[in-house]
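Just so you know, we're using my numbering here: the sequence shown kicks off at 3 and counts up by one.
Single-structure report; data block below.
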Amino acid sequence: MVELLDGGRQASGCFEVMDFDCDCNRALSPWALRYAQEVADAHLDQMGMPYTKLLEAKTIFLLAGVQVKLLRPPQMHERFRAVTWQRTIVRAQYIRDTEFLSDSGEVLALC
């Protein structure tokens, strides 16, 4: 479930690292993009721009040029929160930031 924060300018979702998301060390494998995309998509839905509406307008949002700064990968069955917001618009690009936080508030990754 994704909730809106800061008057709708941010969206936040809670996730749990599932077994199938982990590498052989029980740490989350290349993962940030999946969760960033999920929370960003829900944010757009709640802002009145669901994916179906974008398709009808022959428009899409996609992740491009994403950089991930991984500080600590979450471990198997660890819960974390993804918080996303639109930073700015540059021509046809909507620049979006996402933070991944542990339950204790530790920053796990930035993208």
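Just so it is clear, CB atoms sit at the ideal spot from N, CA and C, and this is done for glycine as well.
| Residues near Arg-89 in its chain [Cβ-Cβ closer than 7 Å; skip 5 each side] | Locating residue 89 in the sequence shown gives position 87, counting from the first residue. Closer than 7 Å at the Cβ level, and outside the excluded window around Arg-89, lie Ile-97, Arg-98, Asp-99.
| Straight-line CA distance for Leu-6 to Arg-36? | Numbered from 1 along the sequence shown, position 4 holds the residue referred to as residue 6. Numbered from 1 along the sequence shown, position 34 holds the residue referred to as residue 36. Their backbone Cα atoms lie some 19 Å apart in a straight line.
| query | From Met-49 to Ile-62, what does the alpha carbon distance come to, in whole angstroms? | reply | Position 47 of the sequence shown, counted from the first residue, corresponds to residue 49. Position 60 of the sequence shown, counted from the first residue, corresponds to residue 62. Distance between the alpha carbons of Met-49 and Ile-62 is about 15 Å.
| field | Residue range of the unbroken alpha helix (DSSP H) whose run includes Pro-5 | value | Counting from 1 along the sequence shown, the entry for residue 5 is found at position 3. Just to set this straight, residue 5 is Glu in the shown sequence, not Pro. Glu-5 -> not in any alpha helix (DSSP H); beta strand (DSSP E) instead, spanning 4 to 7.
| field | Proximity to Leu-110 [Cα-Cα], best of Trp-87, Arg-83, Pro-52 | value | Numbered from its first residue, the sequence shown carries residue 110 at position 108. Closest by C-alpha distance to Leu-110, out of Trp-87, Arg-83, Pro-52, is Arg-83.
| request: Compute the beta-carbon to beta-carbon distance between Cys-24 and Met-78, rounded to the nearest angstrom, for a pair I have assumed lies under 8 Å. | output: Numbered from 1 along the sequence shown, position 22 holds the residue referred to as residue 24. Numbered from 1 along the sequence shown, position 76 holds the residue referred to as residue 78. Contact holds; Cβ gap of about 5 Å.
| Where do the ends of the alpha helix (DSSP H) carrying Thr-54 lie? | As a position in the sequence shown, residue 54 is number 52, starting the count at 1. Note, Thr-54: alpha helix (DSSP H), 53 to 58.
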